[in-house]
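**Student:** Okay, here's the structure, questions in a sec.
Residue numbers (this note's numbering): 7 to 130.
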């Protein structure tokens, strides 16, 4: 009986390899109620730029009011994208609940930021 229970538990915990690897078909599972992949990638890239700007600033007044400054930047980024905070958070949480798609999303964000960095360095 104990062997059967352990076998059943181990077997039920196993997932097919295909469930653990991203495939482009997964992009079709993003519901219409969630911010689309490309727009979410653009928003997250700008959010990370804003966070880096605040983190790297040497101005004491900005650093002292870091949270308020970031909230202002976040609001600006979301307004620019035409997205409210609730829609952003619902979408972000959906992506968090789908880690393979979230991983692919952050690969795209990283690529966007790398391109911006290359353009910046080329203009120095």
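Cβ coordinates follow ideal geometry from the N, Cα and C atoms, glycine included. As the structure is a prediction and not an experimental result, all values here were calculated from the model.
(1) What is the residue span of the alpha helix (DSSP H) that residue 123 lies within?
(2) Taking residue 53 and residue 83 to be in contact with their CB atoms under 8 Å, please state how far apart those CB atoms are, rounded to whole angstroms.
(3) Measure the Cβ-Cβ separation of residue 47 and residue 115 and say whether it is below 9 Å.
(4) Leaving out the 5 sequence neighbours to the left and right, which residues in its chain are closer than 6 Å to residue 87 when beta-carbon positions are compared?
(5) Tell whether a beta-carbon distance below 9 Å holds between residue 43 and residue 122.
(6) Can you round the beta-carbon distance between residue 51 and residue 96 to whole angstroms, since I take them to be within the 8 Å contact cut?
(7) Comparing alpha-carbon positions, which option in 55, 45 and 93 lies nearest residue 79?
(8) Ignoring anything shorter than 4 residues or poking outside the segment 28–76, list the alpha helix (DSSP H) runs there in chain order.
**Tutor:** If we stick to the structure as given:
(1) Position 117 of the chain shown, counted from the first residue, corresponds to residue 123. Counting along the chain, residue 123 sits inside the alpha helix (DSSP H) bounded by residues 105–128.
(2) As a first step, residue 53 is located in the chain shown; it is residue number 47 there, counting from the start. As a first step, residue 83 is located in the chain shown; it is residue number 77 there, counting from the start. Confirmed, Cβ separation roughly 6 Å.
(3) Working through the chain shown from its first residue, we reach residue 47 at position 41. Working through the chain shown from its first residue, we reach residue 115 at position 109. Yes.
(4) Here the question's residue 87 lines up with position 81 in the chain shown. Excluding positions up to five away in sequence, the list reads 49.
(5) By one-based count along the chain shown, residue 43 stands at place 37. By one-based count along the chain shown, residue 122 stands at place 116. In this structure, residue 122 does not lie closer than 9 Å to residue 43 by Cβ.
(6) Locating residue 51 in the chain shown gives position 45, counting from the first residue. Locating residue 96 in the chain shown gives position 90, counting from the first residue. At roughly 20 Å, the Cβ-Cβ gap does not stay under 8 Å, so residue 51 and residue 96 are not in contact.
(7) As a position in the chain shown, residue 79 is number 73, starting the count at 1. Minimum Cα distance to residue 79 is reached at 55.
(8) Runs of the alpha helix (DSSP H) inside the segment 28–76: 43–62 and 66–70.
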